[in-house]
Amino acid sequence: MVAFEHPHPHGALAPTAHLELPFFDDAHRALANGLVAWAREQRVDESDDRAACKDWVRRLGGAGWLRYCVPEDHGGALPGLDSRALVILRETLAYHSPLADFAFAMQGLGSGAITLAGTAAQQAHRLPAVARGDQIAAFALSEPEAGSDVAAMALRATPTPTGWTLNGQKTWISNGGMADFYVVFAKTEPDAGARGISAFVVNADAPGLDSSAHIQVMAPHPLATLTFTDCHIGSDALVGSVNGGFKLAMQTLDIFRASVAAAALGMARRAFAEAVAHAKTRKMFGQTLADFQLTQARLGEMSALIDAAAMLTYRAAWMRDRSSTHGAGTPAYTAAAASAKLTATENAQRVIDMALQMFGGRGVQVGQPIEHLYRDIRSLRIYEGASEVQLLILGKQALR
Numbered sequence: 000m001v002a003f004e005h006p007h008p009h010g011a012l013a014p015t016a017h018l019e020l021p022f023f024d025d026a027h028r029a030l031a032n033g034l035v036a037w038a039r040e041q042r043v044d045e046s047d048d049r050a051a052c053k054d055w056v057r058r059l060g061g062a063g064w065l066r067y068c069v070p071e072d073h074g075g076a077l078p079g080l081d082s083r084a085l086v087i088l089r090e091t092l093a094y095h096s097p098l099a100d101f102a103f104a105m106q107g108l109g110s111g112a113i114t115l116a117g118t119a120a121q122q123a124h125r126l127p128a129v130a131r132g133d134q135i136a137a138f139a140l141s142e143p144e145a146g147s148d149v150a151a152m153a154l155r156a157t158p159t160p161t162g163w164t165l166n167g168q169k170t171w172i173s174n175g176g177m178a179d180f181y182v183v184f185a186k187t188e189p190d191a192g193a194r195g196i197s198a199f200v201v202n203a204d205a206p207g208l209d210s211s212a213h214i215q216v217m218a219p220h221p222l223a224t225l226t227f228t229d230c231h232i233g234s235d236a237l238v239g240s241v242n243g244g245f246k247l248a249m250q251t252l253d254i255f256r257a258s259v260a261a262a263a264l265g266m267a268r269r270a271f272a273e274a275v276a277h278a279k280t281r282k283m284f285g286q287t288l289a290d291f292q293l294t295q296a297r298l299g300e301m302s303a304l305i306d307a308a309a310m311l312t313y314r315a316a317w318m319r320d321r322s323s324t325h326g327a328g329t330p331a332y333t334a335a336a337a338s339a340k341l342t343a344t345e346n347a348q349r350v351i352d353m354a355l356q357m358f359g360g361r362g363v364q365v366g367q368p369i370e371h372l373y374r375d376i377r378s379l380r381i382y383e384g385a386s387e388v389q390l391l392i393l394g395k396q397a398l399r
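Residue numbers (numbering that gives the first Met the number 0): 0 to 399.
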């Protein structure tokens, strides 16, 4: 698959009417328009997912888009991480290429903990390089027996006279095997549950770190299992405070959760554009597919699902950006982000499935945009908080 190729004029641009909503300001609109213009010119061979991701990071860094992943003091485009900018970037990139969105998102998520709690030296060393695309970042939280249950992690960080020694595994790590550094979460107090987790920045070439076990998934993108065997890191590798890692991980995920919803939204919008174009041109029983009322009803349902997801996604990003009283980590924002992530990913799955059905046999042909989207969307309902976890968050908020 070559990214950003559109077989018909209806798919040439991501829709931008939503930018007129009051959630956004003129700076966000200028960002979106500039990104769309840039996106139209990109051609990336995505047949090799690892090579393609490296290419995307280079392109996104060179064009300045990765500057939105870090704060202004360290080469960023804005004073801090702006959720609405992240939402615009991810929605637009995912509309054109889910792999481009993945490459962008991981630069932000992988360096997010350093932005929030890193030392001055860590920030100076990592963040400008992330913004330029010179270093690829990764976020290492999940383990074979600790996915949604983060507190069950078993990777152990043992203190030494000069730092820490890591032993254990991480898995399902995005950018695994190609990142330049990992923000790794490990148990520093094994019996303390979530209160015994700390975060560390680990170089990809650290002795005792093996990232060669690549994981193949239905929508190819770089994943790997990381194995730590007496992996020694210096005392300067600690990010934030000892045993403060769980809170830091949740704060990082909170910032980017609304942007996951935006990625799903971008994929849904692309499927909808493909479906509309197909309906207008597909001949059937002497008329076009679009002439049938059943088709019109289906498109209407898809449109409503997209609009519902969009409103919740933009609201969550706006809530985080507008004031400290509704910022990341507060119950109001956490619930809004959970609502957005749940609704956008589940609705996008439904929209893409309906679009595929409308295409008939062509919808399942390997290499077709709809077939690709059908595989791409499935993981978004799982990673960075599965739909079931979002339901629990919302249920607990309702019972407060």
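Using N, Cα and C, we set each Cβ at its ideal position, and we do this for glycine too. Fair warning: this is a prediction, and the values are worked out from it, not measured in the lab.
In this structure, the CA atom of H73 is about 7 Å from the CA atom of Q122. Taken in chain order, the complete beta strand (DSSP E) segments of 3 or more residues contained in the segment 96-152 are 136-139.
Taken through DSSP and simplified to helix, strand or coil, G162 comes out as strand. If only uninterrupted alpha helix (DSSP H) runs of at least 4 residues are considered, those enclosed by the segment 287-363 are 292-321, 330-358. Between A38 and H95, the CB-CB gap stays under 7 Å. In this model, A270 and G162 are separated by some 50 Å (Cα to Cα). Non-local C-beta neighbours of A151 in its own chain, meaning closer than 7 Å and more than five positions away in sequence, comprise E144, A145, ordered along the chain. Here the alpha carbons of A397 and G111 stand approximately 29 Å from one another. Rounded to whole angstroms, the Cβ separation of H27 and L18 is 7 Å, and the two are in contact under 8 Å. Taken through DSSP and simplified to helix, strand or coil, I381 comes out as coil.
DSSP places A257 in the uninterrupted alpha helix (DSSP H) bounded by 244-280. Counting the other Cβ atoms within 10 Å of the Cβ of E188 gives fewer than 16, which makes it exposed. For L222, the three-state secondary structure derived from DSSP is strand. Contact between E90 and L252 does not hold, since their C-beta atoms are separated by about 19 Å, which reaches or exceeds 8 Å. Per DSSP, the continuous beta strand (DSSP E) segment holding H213 begins and ends at 208-213. Inter-residue distance for Q41 and G299 is about 31 Å (C-alpha atoms, whole angstroms).
In the DSSP annotation of this structure, the continuous segment of the alpha helix (DSSP H) that includes S386 starts and ends at 386-397.
Between the alpha carbons of R268 and R349 lies a gap of roughly 12 Å. The C-alpha of E142 lies about 12 Å from the C-alpha of R155. Its chain contains A337, S338, K340, L341 as the residues whose beta carbon lies nearer than 8 Å to that of Q389, once the 5 sequence neighbours on both sides are disregarded; these appear in chain order.
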